[in-house]
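Student: Next up is a structure, given as structure tokens.
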Amino acid sequence: MSAPEPSPPPPAPRERPVGLLVLGIAAVLLVSAPTWFAGDRVVVGVAQLVVAVVLAVVGAVLLRRAARR
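If you're matching positions, the sequence shown starts at 36 in the numbering used here and goes up one per residue.
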């Protein structure tokens, strides 16, 4: 009979770094959105703002999940 193999270590929590990355991307999109409005590409600017808001919400949720652990 051999000794039982040790279980592998649990995966490192990734919510915080991924949340910060997503929030950073959202910030860049928010800051660069006025460029589209200045170039008379309103639809692209609105779409970029929508994506930025969605990413900001996802990033905030990931950071809150990381804080609870």
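For every residue, glycine included, the Cβ atom is placed at its ideal position computed from N, Cα and C.
#1: Under a Cβ-count criterion, where at least 16 other Cβ atoms within 10 Å of its own Cβ denotes burial, should Gly59 be classed as buried or exposed?
#2: Compute the distance between the beta-carbons of Leu65 and Ala87, then report whether it is under 8 angstroms.
#3: From this set, Gly80, Pro48, Gln83, which residue's C-alpha is nearest Arg100's C-alpha?
#4: Give the secondary structure of Gly74 by DSSP, where H, G and I count as helix, E and B as strand, and everything else as coil.
#5: So for Ser67, helix, strand or coil by DSSP?
#6: Go ahead and pull the three-state DSSP assignment for Pro43.
Tutor: Reading from the atomic positions:
#1: By the neighbour-count rule (16 or more Cβ atoms within 10 Å), Gly59 is not buried but exposed.
#2: It is a contact, given that the beta carbons lie within the stated cut-off.
#3: Nearest Cα to Arg100 within the set Gly80, Pro48, Gln83: Pro48.
#4: Residue state, collapsed to three classes: coil.
#5: The three-state secondary structure of Ser67, taken from DSSP, is helix.
#6: Three-state DSSP puts Pro43 in coil, outside helix and strand.
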